[in-house]
Amino acid sequence: MADSALDPSLTAAAAPVSSPRHTAVVRVTHWITALSFIALLVTGIEILISHPRFYWGEEGNVETPSLFDLPIPSSRASVVTGYGYVLPDQNGWSRALHFQAAWVAVLIGLFYAAYGLKTRHFRKNLLPAGADFSWGEILSHLRFRRPSEVENGSYNIVQRITYLIVIFVLFPLMIWTGLAMSPAFTSVFPASVTVFGGHQSARTIHFFVTVLLVLFVLVHVVMVYLAGFRRRMRAMITGHQEQA
Amino acid sequence: MSNNLSRRKLIATGLAATAGASGLAVAARIADQYGLVPPDYGGLYGPGATLTYAAQRLLTRHSMAREFSRSQISTSPRANGAPPKSESFKRLEAGGFADWRLAVDGLVARPTTFSVADLKKFPPSSQITQLICEEGWSYIGEWTGVPLFQVLNNVGILPQARYVVYLSFQPGWRNSIDMADALHPQTLVTYGMNGTDLPARFGGPLRVRVPRQLGYKNVKYATRLMVTDSLQGFGPKGQYSWYAGI
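Residue numbers (my numbering), protein chains in the order written: chain C, 1120 to 1363; chain X, 1398 to 1643.
Listed below in structure tokens is the structure:
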């Protein structure tokens, strides 16, 4: 699918016309991933509330010192939080939905990755071109100013690097550290957890990668808003955007 | 897009969907035959639970839970809860649990009741494994007991056996595992922990230990093992998934 090739016959028309922006696969996988991310985040927070303490190494529990505690109330009376109340236990459905949403994210992610490699989507649209790479360019984009019209058709250098990190580093690390907490999975692949230094290290890294992904989503949504919410949403839903 | 093309597309999609659905039905039958469908496959979260169970059952056929060195045994294990407060439990505890009984029945050739001393006559097995709670905490301990498969072989399991349900002295506490875990060499009926008799707060005198699954499958104060071909009436309780390998 063409990126933002401006067809002169279209731009010449008086009424606002549209140009293609995102392919159907990108749009569908984007929104399914977004939904499963929300489900994973909400249920992950619920599970975390039952033990808002973190450790490093193999083991850790309320009898052992923690690496750090989150200053939030807990859904277990056995965890001392300083709050005078205990939240209701929501782990049953939260765990079930967490893993179901994880399956959706993994399967749709694999499909997207296969599609991206086959259609050269990553190479064409996400891999930074050598000429784009300059620190001045990166610094100017890091000031999160309203994007220029040129950026309606393709991603800038900071976007490209960020999306690649999210797709190929953070999401895989999230799934990996999640599996590293499974006693059945580690019975088959013990190195999947020992490489992190143990079960509790994997859990702590799982938490920090969540923080990074939440930061990414926040900045992502703010940038969509700055760039023109209606226009960007239209592009990711219908695949087209109006020509200015 | 021409009308013709979209009609052709529609027919192709319809055919693909029909083929997909019937393929799925065949796959489900085969999966059930090979023990890849958990008892809680239905409901809102059934698809996720089934995918997890099937994937882990295929992967873990011959795998062993991670074992640790003696130096890694926790100096501060977590008991998580107090022993039963009932008079009958206190009486049994005062008697050193000499009168504690474990009944093994259901689909077995010779229903038998064992005392703790009877169980100690089996060749013992020890493991240094990690107990991982679904809440997120964990500790490493050394558990000693009799492999469940030895108890089951002793009473003779019938060919239709599919699950082992285990009941606790604590009213309402129970859980169950499939035969893959019941016959797994690391699945123990434990009576010892860290070199001593299993303390009451850790589930003594008898606790079922399933180290490839999370803490809630490791039921304390075991009083009865029931071999069954169905979990009807003994199914998963609450919303916690029946299979807890993750």
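Cβ coordinates follow ideal geometry from the N, Cα and C atoms, glycine included.
Proximity to residue i [Cα-Cα], best of the options
i: H1170(C); options: P1190(C), I1151(C) and V1340(C); result: P1190(C)
i: F1327(C); options: F1187(C), T1152(C), P1139(C) and T1357(C); result: F1187(C)
i: V1205(C); options: R1195(C), S1213(C), R1214(C) and H1217(C); result: R1195(C)
i: F1566(X); options: L1555(X), R1426(X), L1628(X) and F1494(X); result: F1494(X)
i: W1175(C); options: V1181(C), S1185(C) and L1298(C); result: S1185(C)
i: W1639(X); options: A1418(X), T1587(X), G1445(X) and S1403(X); result: G1445(X)
i: S1162(C); options: A1143(C), E1178(C) and A1215(C); result: One point to set straight first is that residue 1162(C) is Thr, not Ser, in the sequence displayed. Checking every option, the nearest Cα to that of T1162(C) belongs to A1215(C).
i: A1346(C); options: H1260(C), A1220(C), L1226(C) and A1299(C); result: H1260(C)
i: L1555(X); options: W1570(X), V1501(X), L1528(X) and T1593(X); result: V1501(X)
i: W1295(C); options: L1283(C), T1313(C) and T1281(C); result: T1313(C)
i: L1084(C); options: V1333(C), F1287(C) and F1315(C); result: What the structure shows of chain C is the stretch from 1120 to 1363, and residue 1084(C) is not part of that stretch, so it cannot be assessed.
i: K1482(X); options: A1597(X), V1562(X) and S1466(X); result: A1597(X)
i: T1593(X); options: G1642(X), L1628(X), A1418(X) and S1523(X); result: S1523(X)
i: G1297(C); options: H1141(C), V1225(C), G1179(C) and T1200(C); result: V1225(C)
i: I1166(C); options: Y1536(X), E1531(X) and L1628(X); result: E1531(X)
i: V1548(X); options: G1630(X), S1512(X), P1474(X) and Y1431(X); result: S1512(X)
i: A1506(X); options: L1412(X), G1630(X), R1454(X) and N1551(X); result: N1551(X)
i: V1199(C); options: E1177(C), W1212(C), N1275(C) and I1168(C); result: I1168(C)
i: L1455(X); options: P1192(C), L1331(C) and S1306(C); result: S1306(C)
i: I1643(X); options: A1425(X), P1608(X) and A1619(X); result: P1608(X)
i: G1632(X); options: L1611(X), D1575(X), F1599(X) and L1595(X); result: D1575(X)
i: F1263(C); options: Y1344(C), Q1219(C) and S1253(C); result: Y1344(C)
i: G1255(C); options: N1275(C), N1244(C), R1239(C) and I1227(C); result: N1275(C)
Inter-residue Cα distance where the pair is residue i and residue j
i: A1131(C); j: M1352(C); result: Residue confidence for A1131(C) is low, a pLDDT of 42 falling below 50, so the modelled location carries little weight; the figure read from the coordinates is stated next. Using only the alpha carbons, I get a separation of about 25 Å.
i: Y1442(X); j: A1514(X); result: 43 Å
i: R1242(C); j: L1236(C); result: 8 Å
i: L1421(X); j: A1577(X); result: 24 Å
i: F1348(C); j: D1208(C); result: 38 Å
i: V1181(C); j: F1304(C); result: 25 Å
i: G1358(C); j: G1272(C); result: 12 Å
i: N1572(X); j: K1617(X); result: 10 Å
i: W1150(C); j: T1329(C); result: 19 Å
i: P1127(C); j: F1308(C); result: Because the pLDDT of P1127(C) is 44, which lies under 50, any placement of that residue in the model is unreliable, and the number read from its coordinates should be weighed accordingly. Computed Cα separation, rounded: 57 Å.
i: R1604(X); j: T1148(C); result: 46 Å
i: A1299(C); j: A1158(C); result: 20 Å
i: S1155(C); j: M1293(C); result: 13 Å
i: Q1319(C); j: N1477(X); result: 18 Å
i: T1625(X); j: V1277(C); result: 59 Å
i: L1564(X); j: L1622(X); result: 7 Å
i: A1409(X); j: L1448(X); result: 28 Å
i: T1152(C); j: A1462(X); result: 32 Å
i: A1134(C); j: E1361(C); result: Reliability of the predicted coordinates at A1134(C) is poor, the pLDDT of 48 falling under 50, and the value obtained from them is presented with this limitation in mind. If you take the alpha carbons of A1134(C) and E1361(C), they lie about 10 Å apart.
i: I1280(C); j: M1342(C); result: 15 Å
i: L1489(X); j: K1517(X); result: 18 Å
i: G1316(C); j: G1179(C); result: 13 Å
i: L1589(X); j: A1428(X); result: The amino acid occupying residue 1589(X) in the given sequence is Gly; Leu does not appear at that position. For G1589(X) and A1428(X), the distance between alpha carbons rounds to 38 Å.
i: L1125(C); j: S1138(C); result: Reliability fails at L1125(C), whose pLDDT of 44 lies under 50, so the model's placement of it is uncertain and no value is given.
i: R1140(C); j: S1419(X); result: 36 Å
i: V1333(C); j: L1433(X); result: 35 Å
i: V1336(C); j: V1285(C); result: 10 Å
i: I1537(X); j: S1627(X); result: 33 Å
i: L1585(X); j: W1497(X); result: 17 Å
i: F1290(C); j: S1460(X); result: 27 Å
i: V1145(C); j: Y1231(C); result: 7 Å
Sheet register partners of residue i (DSSP bridge)
i: S1573(X); result: V1562(X)
i: F1511(X); result: L1499(X)
i: H1359(C); result: P1139(C)
i: T1313(C); result: None; T1313(C) has no bridge partner.
i: V1586(X); result: V1543(X) and V1605(X)
i: T1392(X); result: What the structure shows of chain X is the stretch from 1398 to 1643, and residue 1392(X) is not part of that stretch, so it cannot be assessed.
i: V1552(X); result: Paired residues: none, contrary to the question.
i: V1505(X); result: I1554(X)
Endpoints, the beta strand (DSSP E) within which residue i is located
i: M1623(X); result: A1619 to T1625
i: P1365(C); result: There is no way to answer for residue 1365(C), as the model of chain C reaches only from 1120 to 1363.
i: R1458(X); result: That residue, R1458(X), is in no beta strand (DSSP E); it is neither H nor E in DSSP.
i: P1544(X); result: S1535 to P1544
i: R1526(X); result: For the sequence presented, residue 1526(X) should be read as Thr rather than Arg. T1526(X) -> beta strand (DSSP E) spans S1522 to I1529.
Residue range of the unbroken alpha helix (DSSP H) whose run includes residue i
i: L1283(C); result: I1276 to I1284
i: T1296(C); result: F1290 to L1298
i: I1227(C); result: N1210 to K1237
i: K1487(X); result: E1484 to A1491
i: P1302(C); result: P1302 to V1307
i: S1259(C); result: W1254 to H1260
beta-carbon residue i near the ligand FAD non-hydrogen atom, thresh 8 Å
i: L1245(C); result: The model depicted lacks the ligand FAD and carries no ligand whatsoever.
Please give the ranges of any alpha helix (DSSP H) in the region 1142-1197 of chain C, keeping only runs that are unbroken, at least 4 residues long and fully inside the region. 1143-1168
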